[in-house]
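Enquirer: In the numbering used here, the protein residues as written are 1355 to 1440. Before we start, here is the structure in question, set down as structure tokens.
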């Protein structure tokens, strides 16, 4: 799924499901004191790390991410998270 399709899917899902909304659920942190975001380790560029909080959104805990999309122009990382209720 391309980033464009993912954003369209997120937008349409938000319109169809009123409970969906954008919220801050984490904060950026450095990978380590030796390797910073944007650095290279073993020929792999480290894009960054986000620590996810333990807060609940609409009564659901955000623990697993199903998809990510980065909006370069807005500087926003979009994430899709879901939960199965038994």
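Note that the Cβ used here is the ideal one computed from N, Cα and C, for glycine as well. As the structure is a computational prediction, the values presented were derived from the model and not from experiment.
Mapping the DSSP letters down to three states, classify residue 1380 as helix, strand or coil.
Expert: Three-state DSSP puts residue 1380 in a strand.
Enquirer: In its own chain, which residues sit with a C-beta less than 8 Å from the C-beta of residue 1390, not counting the 5 before and 5 after it?
Expert: Within the same chain, residue 1390 has close Cβ partners 1384, 1400.
Enquirer: What number of angstroms, rounded off, separates the C-alpha of residue 1394 from the C-alpha of residue 1413?
Expert: So the two alpha carbons sit approximately 39 Å from each other.
Enquirer: Nearest-angstrom Cα distance between residue 1380 and residue 1387?
Expert: In a straight line, the C-alpha of residue 1380 is about 20 Å away from that of residue 1387.
Enquirer: Cutting at 7 Å between CB atoms, please list the residues of its own chain near residue 1397, excluding the five before and the five after it.
Expert: Nothing meets the Cβ criterion.
Enquirer: For a test of the three-state rule: what should DSSP assign to residue 1434, helix, strand or coil?
Expert: If DSSP states are grouped into helix, strand and coil, residue 1434 belongs with the strands.
Enquirer: Going straight from the alpha carbon of residue 1434 to that of residue 1410, what length do you get?
Expert: Using only the alpha carbons, I get a separation of about 15 Å.
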